[in-house]
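**Student:**
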Amino acid sequence: METIVNQEKIISTHPNYWFGVDKDGVRETYNNDSDWVLLPDEYYGLDVFEFADREVVAEVIKLIKSKYHHSEFTHASGSAALAGIEKSGAILSAQDVESEGMKVATGEHVSYVSSETGNPVAGGRYGLGSVYASKNGPKYGYHHVNWFDEYYIAFGINKQKQEDFLRQIGFKYEWASSKDKPALTLDMGSEGVEIGNKVPLNNVEIVYCWKKHQKEMDAWIQKNCPQAKLVSLEADEILRSYDHKVNKMALQEGISAEDAWKKLL
Numbered sequence: 134m135e136t137i138v139n140q141e142k143i144i145s146t147h148p149n150y151w152f153g154v155d156k157d158g159v160r161e162t163y164n165n166d167s168d169w170v171l172l173p174d175e176y177y178g179l180d181v182f183e184f185a186d187r188e189v190v191a192e193v194i195k196l197i198k199s200k201y202h203h204s205e206f207t208h209a210s211g212s213a214a215l216a217g218i219e220k221s222g223a224i225l226s227a228q229d230v231e232s233e234g235m236k237v238a239t240g241e242h243v244s245y246v247s248s249e250t251g252n253p254v255a256g257g258r259y260g261l262g263s264v265y266a267s268k269n270g271p272k273y274g275y276h277h278v279n280w281f282d283e284y285y286i287a288f289g290i291n292k293q294k295q296e297d298f299l300r301q302i303g304f305k306y307e308w309a310s311s312k313d314k315p316a317l318t319l320d321m322g323s324e325g326v327e328i329g330n331k332v333p334l335n336n337v338e339i340v341y342c343w344k345k346h347q348k349e350m351d352a353w354i355q356k357n358c359p360q361a362k363l364v365s366l367e368a369d370e371i372l373r374s375y376d377h378k379v380n381k382m383a384l385q386e387g388i389s390a391e392d393a394w395k396k397l398l
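Numbering (our numbering), first residue to last: 134 to 398.
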C-alpha cells in the first residue's frame, strides 16, 4: 500500500507482470499530478516502463553540470526526526536521543516492534548506540512514514569532518581500537557503517528528500545547516540507475551525457 500512496516522483508500469494488473499500461497512484518523462526502457527490459517527473530529469542535468557525487557517508532518516535534530544541532544515536529526554522518532528502534510484547526488536531496550550510515549513497530509512504528512530524508556526511569531530571529543570504538590507531568508525557490512554517537549538522554536506518537499526542506537547511546542498532522492536514484545507459546513448550519438539527458525532455 505504501508504494502506491506515496509522493515519490518516479513510477513504473508492468504491462506483462503481476498477473496483468496494469496490462493497459496505466497505474493508479495517489498524488500523480506530474508531467511524466519516459526513461530509457532497456534498463529493465521491454516489459517494464519507468517514468520520472520532468523536474526530476531537469535536476539530474543540473547535478551532472555540478559534477555531483554522493558523500562518503549517508544517513537515512525521516521528516519526523527533524524537530529533534534541530533541537540538538546534530544527528544523534537512539540512545543519545533518549538520554536527552526526547522520543526516538525514526529507525529500527521504533519500527521493528514485537507484536507480542510491544518492545523494540532492534537496539535493545535503550536503542542503538551509534548513528548508522551507508557508503553507497542515500537509501530509505528503516521505518514507515505516516501517510500524507511525513517523508523520507537522508543526510550526506563529510567523512573527514566527522572523523575529526570524533577525535576532538575523544570518541572511539574501544574493542576495535589499537594503541596507535583508534577506531573512529566501524564497517558492519550489510548493517552499514557506525560513525559515532553524534553527527553535528556542521558535518552535513548534502540533504536529500522527496522532490515534492524540497521547498520546505530548503527552509530547514537554511536555518540549520546552510552549507549543505539540497538534492531530491528521486534525482539521485535516477542518475545512479540510468547513468550508464544514458552515457552509452551519448557515445552512440556523439553527444555529451548532458545533451543526452536533455533529449529525454
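Each residue gets a CB set at the ideal place from its N, CA and C atoms; glycine is no exception.
Using the Cα positions of glutamine 385 and valine 190, report the straight-line distance between them to the nearest angstrom.
**Tutor:** Indexing the sequence shown from 1 puts residue 385 at position 252. Indexing the sequence shown from 1 puts residue 190 at position 57. Approximately 21 Å, taken between the alpha carbons.
**Student:** Does the segment 191–207 come close enough to the segment 361–374 to have 3 or more Cβ pairs within less than 8 Å?
**Tutor:** With a cut-off of 8 Å, the segment 361–374 and the segment 191–207 count as touching, because enough Cβ pairs lie within range.
**Student:** Under a three-way DSSP split, which group does phenylalanine 182 fall into?
**Tutor:** Here residue 182 is taken as the residue at index 49 of the sequence shown, counted from 1. If DSSP states are grouped into helix, strand and coil, phenylalanine 182 belongs with the strands.
**Student:** Please report how far the alpha carbon of glycine 256 lies from the alpha carbon of leucine 225, in whole angstroms.
**Tutor:** As a position in the sequence shown, residue 256 is number 123, starting the count at 1. As a position in the sequence shown, residue 225 is number 92, starting the count at 1. Bear in mind that a pLDDT of 49 at glycine 256, under 50, signals an unreliable position, so the number given afterwards is only what the model happens to contain. Their backbone Cα atoms lie some 14 Å apart in a straight line.
**Student:** Residue range of the alpha helix (DSSP H) that histidine 377 falls in?
**Tutor:** If you number the sequence shown from 1, residue 377 lands on position 244. Counting along the chain, the alpha helix (DSSP H) containing histidine 377 begins and ends at 366–386.
**Student:** Let me confirm a value: aspartate 229 is counted as buried when at least 16 other C-beta atoms fall within 10 Å, else exposed. Which label applies?
**Tutor:** Start at 1 with the first residue of the sequence shown, and residue 229 comes out as number 96. By the 10 Å Cβ count, aspartate 229 comes out buried.
**Student:** Does the distance from the C-beta atom of valine 264 to that of valine 364 stay below 7 Å?
**Tutor:** Here residue 264 refers to the residue found at position 131 when the sequence shown is read from its first residue. Here residue 364 refers to the residue found at position 231 when the sequence shown is read from its first residue. The answer is no: Cβ separation not under 7 Å.
**Student:** Heavy atom of the ligand COA less than 6 Å from the Cβ of leucine 384, yes or no?
**Tutor:** By its list of ligands, the structure shown contains no ligand whatsoever, and the ligand COA lies outside what it can speak to.
**Student:** Pair every Cβ in the segment 336–343 with every Cβ in the segment 302–311, then say whether three or more of these pairs are closer than 8 Å.
**Tutor:** Because the criterion of three Cβ pairs below 8 Å is not met, the segment 336–343 and the segment 302–311 do not touch.
**Student:** Using DSSP's beta-bridge definition, name the partner residues of valine 170.
**Tutor:** One-based indexing of the sequence shown puts residue 170 at position 37. DSSP lists Ala185 as partners of valine 170.
**Student:** Using a Cβ-Cβ cutoff of less than 7 Å, which residues in the same chain neighbour lysine 344 once the five nearest sequence positions on both sides are dropped?
**Tutor:** Counted from its first residue, the sequence shown places residue 344 at position 211. Cβ neighbours of lysine 344 beyond the five flanking positions: Lys142, Asp186, Glu188, Val189, Ser365 and Glu367.
**Student:** What are the boundary residues of the alpha helix (DSSP H) that glycine 399 is part of?
**Tutor:** Outside the shown range of the chain, which is 134 to 398, sits residue 399, and nothing can be said about it.
**Student:** For glutamine 293 and arginine 300, I'd like the C-alpha separation in whole angstroms.
**Tutor:** Position 160 of the sequence shown, counted from the start, is the residue given in the question as residue 293. Position 167 of the sequence shown, counted from the start, is the residue given in the question as residue 300. If I take the Cα positions, the gap works out to 11 Å.
**Student:** Looking at the unbroken beta strand (DSSP E) that takes in lysine 331, where does it start and where does it end?
**Tutor:** One-based indexing of the sequence shown puts residue 331 at position 198. Its beta strand (DSSP E) spans residues 331–333.
**Student:** Can you tell me which of the three DSSP states lysine 362 falls into?
**Tutor:** Taking the first residue of the sequence shown as position 1, residue 362 is located at position 229. Lysine 362 falls in the strand class under three-state DSSP.
**Student:** Name, in chain order, the residues that DSSP records as bridge partners for valine 337.
**Tutor:** Here residue 337 refers to the residue found at position 204 of the sequence shown. Partner(s): Ile290.
**Student:** I'd like the list of long-range same chain contacts for lysine 272, defined as Cβ closer than 6 Å, with 5 residues on each side in sequence excluded.
**Tutor:** Walking along the sequence shown from the start, residue 272 turns up at place 139. So the qualifying residues of the chain are Ala209.
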